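Engineer: Sharing a structure below in structure tokens format, with a few things to ask.
Protein chains: 2
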Amino acid sequence: MTLTGMLPIGAADIAATEGTMKALNPATNREIEPDFTLGGRAEVDLAARLADEAFDAYSHTTLAARAAFLERIADNLDAVRAELAGRAALETGLPAAQLEVEAAKAATQFRQFAEVVRRGRFLQATIDPAQPERQPRPRMDHRMQKIAIGPVAIFGASNFPISYSVAGGDTASALAAGCTVVLKAHNAHPGASEIMARAIRKVVQECGLPQGVFSMVRGAGNAVGEALVDHPLIKAVTFTGSEGGGMALYRRAQRRPDPIPVFTEMTSVNPTFVLPHALSVRGGAIGDGFAERMLVNVGQACLKPAILLAVEGPGFDALREGLSARIASAPARTMLTPDIHGAYRTGLERLEAGGAARITEGASPSADLDGRAALFEVDGTGFLADSTLSEEVFGPAALLVKVRDEEELIAVAKSFRGQLSAAMHMEDADAALARRLLPILERRTGRIVVNAFAHPQEVSHASIHGGPFPATSDSRFTSVGMSAIDRFLRPVSYQGFPDALLPEALRQDNPLGVPRIVDGA
Amino acid sequence: MTLTGMLPIGAADIAATEGTMKALNPATNREIEPDFTLGGRAEVDLAARLADEAFDAYSHTTLAARAAFLERIADNLDAVRAELAGRAALETGLPAAQLEVEAAKAATQFRQFAEVVRRGRFLQATIDPAQPERQPRPRMDHRMQKIAIGPVAIFGASNFPISYSVAGGDTASALAAGCTVVLKAHNAHPGASEIMARAIRKVVQECGLPQGVFSMVRGAGNAVGEALVDHPLIKAVTFTGSEGGGMALYRRAQRRPDPIPVFTEMTSVNPTFVLPHALSVRGGAIGDGFAERMLVNVGQACLKPAILLAVEGPGFDALREGLSARIASAPARTMLTPDIHGAYRTGLERLEAGGAARITEGASPSADLDGRAALFEVDGTGFLADSTLSEEVFGPAALLVKVRDEEELIAVAKSFRGQLSAAMHMEDADAALARRLLPILERRTGRIVVNAFAHPQEVSHASIHGGPFPATSDSRFTSVGMSAIDRFLRPVSYQGFPDALLPEALRQDNPLGVPRIVDGA
Chain A
1 MTLTGMLPIG AADIAATEGT MKALNPATNR EIEPDFTLGG RAEVDLAARL
51 ADEAFDAYSH TTLAARAAFL ERIADNLDAV RAELAGRAAL ETGLPAAQLE
101 VEAAKAATQF RQFAEVVRRG RFLQATIDPA QPERQPRPRM DHRMQKIAIG
151 PVAIFGASNF PISYSVAGGD TASALAAGCT VVLKAHNAHP GASEIMARAI
201 RKVVQECGLP QGVFSMVRGA GNAVGEALVD HPLIKAVTFT GSEGGGMALY
251 RRAQRRPDPI PVFTEMTSVN PTFVLPHALS VRGGAIGDGF AERMLVNVGQ
301 ACLKPAILLA VEGPGFDALR EGLSARIASA PARTMLTPDI HGAYRTGLER
351 LEAGGAARIT EGASPSADLD GRAALFEVDG TGFLADSTLS EEVFGPAALL
401 VKVRDEEELI AVAKSFRGQL SAAMHMEDAD AALARRLLPI LERRTGRIVV
451 NAFAHPQEVS HASIHGGPFP ATSDSRFTSV GMSAIDRFLR PVSYQGFPDA
501 LLPEALRQDN PLGVPRIVDG A
Chain B
1001 MTLTGMLPIG AADIAATEGT MKALNPATNR EIEPDFTLGG RAEVDLAARL
1051 ADEAFDAYSH TTLAARAAFL ERIADNLDAV RAELAGRAAL ETGLPAAQLE
1101 VEAAKAATQF RQFAEVVRRG RFLQATIDPA QPERQPRPRM DHRMQKIAIG
1151 PVAIFGASNF PISYSVAGGD TASALAAGCT VVLKAHNAHP GASEIMARAI
1201 RKVVQECGLP QGVFSMVRGA GNAVGEALVD HPLIKAVTFT GSEGGGMALY
1251 RRAQRRPDPI PVFTEMTSVN PTFVLPHALS VRGGAIGDGF AERMLVNVGQ
1301 ACLKPAILLA VEGPGFDALR EGLSARIASA PARTMLTPDI HGAYRTGLER
1351 LEAGGAARIT EGASPSADLD GRAALFEVDG TGFLADSTLS EEVFGPAALL
1401 VKVRDEEELI AVAKSFRGQL SAAMHMEDAD AALARRLLPI LERRTGRIVV
1451 NAFAHPQEVS HASIHGGPFP ATSDSRFTSV GMSAIDRFLR PVSYQGFPDA
1501 LLPEALRQDN PLGVPRIVDG A
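Here it is as structure tokens:
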């Protein structure tokens, strides 16, 4: 596929006129070809209008047709996998082999959502039959199902340039729900974004769907994102990225004359608690395993375990040694963008300013945008004294917190803001402390993991990638896993309808064979 | 029960010190005894802290214990029913017999939510078992369930002083979810509010639950409501009332450092479309039925059908006559409050200023706060020319829209903002037009009704009392019906847990017998 640099908006390739940009190869810190055109309000308006025009037809596709569409997207992502991974590697500094795995997972996700669509449970079809004999008043027939919320704006993230970007779970789940999509490409990987967008758009055309089902926009600075969030035809927004960026979009959407749902997944330090018996039995292995996970994707991951907490005692030194050894031997590796690289260095300074000691560093950088691994340590009192120590540093850094006793561990646990995940390493003999920690973690996280590191994430039915603020802007939803589709659905009740006028899933003879709740059972 | 005028906050009766108020009897426009003390930030803070302290224990009650608690509340509401209805009648001008029915329904709602809790489907327990042999990487065991979101602030509404107030569906569904509740009483019925709050609080004590499970606050103006929405320990808000009031709370909550979910149910004109064959066959009966429903509760209902639309043709005059006759014979009846009475008069003036003709009026008022029924008419062109005509007038007024042809009917349908409900009156021969209207109504409403009036609402599994903005602030939820509980729940995933540490609903042998989704099926 030759990159055109144009914006795929509906069936057209638009040469946008708000300037051009080139991708940066972060490994060399040099720009690479070709030029990508930048759009503005006009392109956003065009994409939103097409998405709105396509909505009625697309949201009423049959479950079978929609599932087939998602599967063909998966197939087409597989077809471009090598090219996509190669270009993404150039644009992100991440290894092509890793990106091939990421692309395969992205395709799998579309297939999983196809299965979700085919099964039809997401419709939550619910029937309360008429009760003509009921006293004092008969009950009319009531039926309910979920329908798509409307055209959705999705913001691609930078750190997983495929599975949290154009072909990511947000796109898959929104299309599965029956929503049309306007995707705002991340400027850190414009070429990879174009490859994915054209792969999806090709399937829209092959399936004979209205052109507005999927469009991609891109622009300089925040103008395009703001125009998208403001657009009256856009009915929901999803975003993965920084707390600052996410909250700016969130608050902007809430200032609209008609506020719309915005799901932003923002920041998490994924605290890892090592309970005393586990510490004494296998502190070194836990330290090593923690560091290994922490370094994945050069620490540029929402699920990076960033803070490791343990009570001083037998095994603590082994824990610290396991951690230190792995981090000391970590090569410096290319970070995603100059901004992220700069913010990482600032973040390390913030940890020191907050009173944490830099106790180990990885290998020295050899290129401009290399990120050097780092391990910090602070005691529980110091940690509780400065809340900036519990804030995320995006990159290959970790903070070891040496806690005085179990009471201080509980106090530290209570000090965390909302998190995507938390982990406990425990032996059976730690059960009593685990039971004390559990309700504290439940109130603060979307996922709790025992004896493993929160990363990597499964994409399945019970997966939750969410959590209380500031992990996300709405703890009632998830952006990963099959229930990610719930963000894009709203219920409609049909009362007293003639059978032929009902949506198929609600008709008396259940022609789609979807699971249904009848009278609550 | 002797009214004390104090605030039931936890186990205490607080004599709040921010002044006092008396209830107004709107039928006489005179104040009635006793004094009710008014609170401020201090009382809100006390109630929120108690709700937070009670949360861990209450949210972890067994399903059986929580269901029993809800049923005992229902029993206690039944025990105070006559007294409650009598006091509410004095404070609202609504008939005591109607309020007894409302109180009985409120109790029934608690029993229905007890059944929801006992069945446990609301937990959405989901299990993805371990796959140790999976390639390239084994899958860990993942389990998910919904848990309570935290302490909730609920704003009582004025128009249904029992079932949308202290003992309403918001309270029942929040308690069912496992949330603790701080209720902000509406000042239009302080005595009824006290009776309900003390009835609930008594059951909290009898069941040995922590005192902070339920508290009630009250204050002058907006200070108490604002303090509640701002309070850092409050994790969700629900409100039923005006668009102005609802949006002020919504926007305030979104400005918090940590935004929280706010569900506001605000405004709806519940448009009713009479399709041509139904019009010609039974226009008069439809006009009569519409007017009857419109007048329920002196038109002070969120589901009041306010706008009736039909294409000029056979049956139109009969429709207008049916409507006019019923409205002309309607007695003037007491409205809820001086503010509502004043806003109703202003609303009638707004309809005239917008170009609608006042074609019929009900009987003349005989008391200060009597609301006089009124019927207005405008043609489709006039309706489309002034968007204020599609805004709600809270009270016993209706607008008949005479539309030129089917195309104009479609254009009018598309002009509506979000609605709680819409209705179509149709014969089989109207099916083609109904199919054109349906997707337009689906995008704009939470409930669509055929050949009946949207009011009254069923409270069941398929019930939806929600809809796109401005009907509510989040179309993905409902405030009435069993899925109202979803507003107060968030998912948590448990990964790699030892069985004994899992929540009961997720343990391997399913000791609670709740429905579970295993591997998506």
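Going down the list, the protein sequences come from chains A and B.
If you read the first sequence in my numbering, its first letter stands for residue 1, the second for the next number, and so on.
If you read the second sequence in my numbering, its first letter stands for residue 1001, the second for the next number, and so on.
Every residue, glycine too, gets a C-beta built ideally from N, C-alpha and C.
In this text, all values refer to a predicted model and were calculated from it rather than measured experimentally.
#1: How about G5 of chain A and F55 of chain A: are their beta carbons less than 7 Å apart?
#2: Would a check of beta-carbon distances place V1296 of chain B closer than 7 Å to chain A?
#3: For T1381 of chain B, collect the residues of the same chain with a Cβ closer than 7 Å to its Cβ; drop the 5 residues on either side in sequence, then sort them by chain order.
#4: What does the alpha-carbon distance come out to for the pair L1309 of chain B and E1361 of chain B?
#5: Measure the beta-carbon distance from G571 of chain A to P26 of chain A and round it to whole angstroms, keeping in mind my assumption that it falls under 8 Å.
#6: Could you check what DSSP says for T478 of chain A in three-state terms: helix, strand or coil?
#7: Which residues mark the beginning and the end of the beta strand (DSSP E) in which N1076 of chain B is found?
#8: Tell me whether N1297 of chain B sits in a helix, a strand or coil according to DSSP, three-state version.
#9: What residues of chain A sit near M1266 of chain B, judged by a beta carbon separation below 9 Å?
#10: Using a 10 Å radius around the Cβ and a threshold of 16 neighbouring Cβ atoms, would you call M1523 of chain B buried or exposed?
#11: What does T264 of chain A pair with, by DSSP beta-bridge criteria?
#12: At a cut of 8 Å, does the stretch 215-232 of chain A reach the stretch 429-443 of chain A through at least three beta carbon pairs?
#13: In three-state DSSP terms, what is K1304 of chain B?
#14: Any residues in the stretch 1331-1352 of chain B with a beta carbon nearer than 9 Å to a beta carbon of chain A? Which ones, in chain order?
#15: Per DSSP, which residues does R1320 of chain B bridge with? Please list them.
#16: The stretch 1306-1331 of chain B: which residues have C-beta closer than 8 Å to a C-beta of chain A, in chain order?
#17: Is it the case that the Cβ atoms of A1148 of chain B and G1178 of chain B are separated by a distance below 7 Å?
#18: Going straight from the alpha carbon of G40 of chain A to that of T1062 of chain B, what length do you get?
#19: Taking only beta-carbon positions, decide if N25 of chain A is within less than 7 Å of chain B.
#20: Tell me, please, whether the CB atom of H1277 of chain B is closer than 7 Å to any CB atom in chain A?
#21: Using only alpha-carbon positions, find the residue among A:T126, A:A318, A:G284 and A:F239 that is nearest to F263 of chain A.
#22: When Cβ atoms are compared, which residues of the stretch 431-453 of chain A fall closer than 8 Å to chain B?
#23: Can you tell me which of B:S1463, B:V1403 and B:L1050 puts its alpha carbon nearest to the alpha carbon of A1484 of chain B?
#24: In the DSSP assignment, the beta strand (DSSP E) including A356 of chain A goes from what residue to what residue?
#25: Alpha carbon to alpha carbon, how far is S473 of chain A from E1321 of chain B?
#26: Hey, out of A:A125, A:G347, A:I359 and A:R404, whose CA is closest to E392 of chain A's CA?
#27: Along the alpha helix (DSSP H) that carries R41 of chain A, what are the first and last residues, could you check?
#28: Can you tell me which of the three DSSP states G93 of chain A falls into?
#29: Check the Cβ-Cβ distances between I1464 of chain B and every residue of chain A, and say whether any is below 7 Å.
#30: Give me the residue from B:R1255, B:G1191, B:A1413 and B:A1452 with the minimum Cα distance to A1089 of chain B.
#31: Strictly below 7 Å CB to CB, what residues from chain B border F469 of chain A?
#32: Note down, in chain order, every chain B residue with its Cβ under 7 Å from the Cβ of D56 of chain A.
#33: Name, in chain order, the residues that DSSP records as bridge partners for T445 of chain A.
#34: Identify, in the order they occur along the chain, each residue of the same chain with its Cβ nearer than 8 Å to the Cβ of R1118 of chain B, setting aside the five sequence neighbours on each side.
#35: Can you grab the Cα-Cα spacing for the pair A1047 of chain B / G1010 of chain B, in whole Å?
#36: Flag E977 of chain B as yes if its beta-carbon sits less than 7 Å from any beta-carbon of chain A, otherwise no.
Structural biologist: Looking at the coordinates:
#1: no
#2: no
#3: none
#4: 19 Å
#5: The requested residue 571 of chain A does not occur in the structure, where chain A is confined to residues 1 to 521.
#6: coil
#7: Where N1076 of chain B is concerned, there is no enclosing beta strand (DSSP E), although the alpha helix (DSSP H) it sits in stretches over L1063 to A1079.
#8: helix
#9: Those within 9 Å of M1266 of chain B in chain A number zero; the least Cβ separation is about 11 Å.
#10: It is not possible to answer for residue 1523 of chain B, since the shown part of chain B is limited to 1001 through 1521.
#11: A:F239
#12: no
#13: coil
#14: none
#15: According to DSSP, R1320 of chain B bridges with nothing at all.
#16: none
#17: yes
#18: 54 Å
#19: no
#20: no
#21: A:F239
#22: A431, A434, R435, L438, P439, E442, R443, T445, G446, R447, I448, V449, V450, N451 and A452
#23: B:S1463
#24: Careful: A356 of chain A lies outside any beta strand (DSSP E) and carries neither H nor E.
#25: 52 Å
#26: A:G347
#27: R41 to S59
#28: coil
#29: yes
#30: B:G1191
#31: D1258 and P1259
#32: P1439
#33: A:Q419
#34: L1063, A1064 and A1067
#35: 7 Å
#36: Lying outside 1001 to 1521, the shown extent of chain B, residue 977 of chain B is not represented and no answer is given.
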